[in-house]
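For what it's worth, the numbering used here labels the leading residue of the sequence shown as 408, then goes sequentially.
Glycine included, C-beta positions come from ideal geometry on N, C-alpha and C.
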Amino acid sequence: MAGTAGSGGGAGAGGGADVRHSAGPWTGAAGAAEALRTHLGQVRPEFAAAHAGLAGGTEGLAVADVLRTVRTSWERRIDTAAGECGSLAGSLRAVAKDLGESDTAVRAALAGVGTGAGLGSGLVSGLGFGGGR
408 MAGTAGSGGG
418 AGAGGGADVR
428 HSAGPWTGAA
438 GAAEALRTHL
448 GQVRPEFAAA
458 HAGLAGGTEG
468 LAVADVLRTV
478 RTSWERRIDT
488 AAGECGSLAG
498 SLRAVAKDLG
508 ESDTAVRAAL
518 AGVGTGAGLG
528 SGLVSGLGFG
538 GGR
């Protein structure tokens with residue numbers, strides 16, 4: 408059962424033994440960032456379709472230049488946002504991977520602790536790495 412820091416049952420004042428994590432939220436957030444990036448990729452063609460024929464209908468009007476400037480500005484912003492979403496997705500996946508690797512390393516290190524110095528397997532299971540809880 409996952410707890411939060413300080414919810415009792417842990418070693419020390421902070422109850423840190425109850426703190427647990429899962430890669431699920433990190434990979435879920437990465438998926439959401441990728442979905443947003445994909446959606447933003449569809450905006451340029453929508454802009455192009457919306458602006459098709461605009462030049463012919465507004466030729467000679469100052470508004471045509473203003474609309475082109477606004478469109479270019481929004482396309483840059485959308486491209487930047489899509490790039491940020493892609494970067495964020497990669498970072499979120501890296502966090503999930505790093506946490507999993509850290510768990511594996513800590514679990515391996517604590518496995519040896521459980522056999523020495525009279526600490527027993529209670530320490531390992533108390534930290535959420537054994538089968539005791």
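Residue 488 and residue 520 have their C-alpha atoms spaced approximately 47 angstroms apart. For a cut-off of 8 angstroms, the C-beta gap from residue 482 to residue 514 is around 48 angstroms, too long to register as a contact.
A direct Cα-to-Cα measurement between residue 471 and residue 495 gives close to 36 angstroms. The residue from 460, 433, 493, 456 with its alpha-carbon nearest to that of residue 441 is 493. Less than 7 angstroms divides the Cβ of residue 499 from the Cβ of residue 436. With 16 or more other Cβ atoms inside 10 Å of its own Cβ, residue 503 counts as buried.
For residue 458, the enclosing alpha helix (DSSP H) starts and ends at 450-458. Contact between residue 458 and residue 478 is confirmed by a C-beta separation of about 6 angstroms, below the 8 angstroms threshold.
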